[in-house]
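Chemist: Below is the structure I would like to discuss, written out as structure tokens.
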Amino acid sequence: MRRVTRNFLLAMAVLGVLLLALGVLPSYLRSGDPYYMTATPVAEGNGTAANATGGGGGGTATPAGTATVTDTVDGATLSDRRYTYTTAALENATADSEGRSSAYYRGPVGIKGVFTHSPFDEYDSLVQQYPAAVEGDAVRVRSDGTVYRLAVTQQS
129 MRRVTRNFLL
139 AMAVLGVLLL
149 ALGVLPSYLR
159 SGDPYYMTAT
169 PVAEGNGTAA
179 NATGGGGGGT
189 ATPAGTATVT
199 DTVDGATLSD
209 RRYTYTTAAL
219 ENATADSEGR
229 SSAYYRGPVG
239 IKGVFTHSPF
249 DEYDSLVQQY
259 PAAVEGDAVR
269 VRSDGTVYRL
279 AVTQQS
């Protein structure tokens with residue numbers, strides 16, 4: 129084998145190993161405080177969790193009367209493979225307490241975000257697909273008859 133061919137093949141092998149490492153390594157990079165996808169039940173004026181069907185609340189699910197069944201994301205239609213952080217937060221939430229997903233750490237210099245799935249990706253996807261369900265920095269999601277306010281939060 130010629131020297132040039134051998135060097136080229138070695139360079140390609142090193143490049144392949146580096147690309148594989150970039151696929152695995154970012155999940156181990158941790159920087160700063162963790163981020164969570166948090167599902168908080170939306171409370172009516174009396175302090176109880178809102179019912180997404182609008183029973184007894186005049187068809188509303190928030191104190192301001194803005195979250196109705198028509199402008200919330202149906203949590204049952206969200207795939208747990210695509211929305212891992214979102215579905216985990218909804219599964220851990222109850223009508224009386226908030227639920228959180230597993231922690232996500234941003235990597236140094238921002239290289240981790242390019243190679244990994246994050247709660248920020250899920251939030252952006254929900255905002256693009258369901259603009260009517262956006263409420264400030266959160267998205268309203270209906271799951272098991274309860275409306276939740278879904279947002280990315282940082283634990284300090």
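Everything in the sequence shown is counted per our numbering, starting at 129 for the first residue and increasing by one.
All C-beta atoms in this analysis are idealised placements derived from N, C-alpha and C, irrespective of residue type, glycine included.
Owing to the predicted nature of the structure, the values given are computational and were not obtained by experimental measurement.
Please report the straight-line C-alpha distance between residue 146 and residue 134, rounded to a whole angstrom.
Modeler: Position 18 of the sequence shown, counted from the first residue, corresponds to residue 146. Position 6 of the sequence shown, counted from the first residue, corresponds to residue 134. Whole-angstrom Cα-Cα distance: 18 Å.
Chemist: For residue 221, name the three-state secondary structure that DSSP assigns.
Modeler: Translated into the one-based positions of the sequence shown, residue 221 becomes position 93. Coil at residue 221, not helix or strand.
Chemist: When the Cα atoms are used, what is the spatial distance from residue 141 to residue 279?
Modeler: Numbered from 1 along the sequence shown, position 13 holds the residue referred to as residue 141. Numbered from 1 along the sequence shown, position 151 holds the residue referred to as residue 279. Cα to Cα, the separation comes out at about 42 Å.
Chemist: Is it buried or exposed, residue 130, if we count other Cβ atoms within 10 angstroms and call 16 or more buried?
Modeler: Reading the sequence shown from its first residue, position 2 is the one you call residue 130. Classification for residue 130: exposed.
Chemist: What does DSSP give as the partner residue(s) for residue 282 in the beta ladder?
Modeler: To locate residue 282, count along the sequence shown from 1; it is residue 154. For residue 282, which the question treats as bridged, DSSP gives the partners 163.
Chemist: Just verifying my parser: in three-state terms, what is the DSSP assignment at residue 234?
Modeler: In the sequence shown, counting from the first residue as 1, residue 234 sits at position 106. Correct three-state label for residue 234: strand.
Chemist: Could you round the C-beta distance between residue 267 and residue 254 to whole angstroms and report it? I think they count as a contact, below 8 Å.
Modeler: Reading the sequence shown from its first residue, position 139 is the one you call residue 267. Reading the sequence shown from its first residue, position 126 is the one you call residue 254. Right, their Cβ atoms sit about 5 Å apart.
Chemist: Secondary structure at residue 145, three-state DSSP: helix, strand or coil?
Modeler: Start at 1 with the first residue of the sequence shown, and residue 145 comes out as number 17. Residue state, collapsed to three classes: helix.
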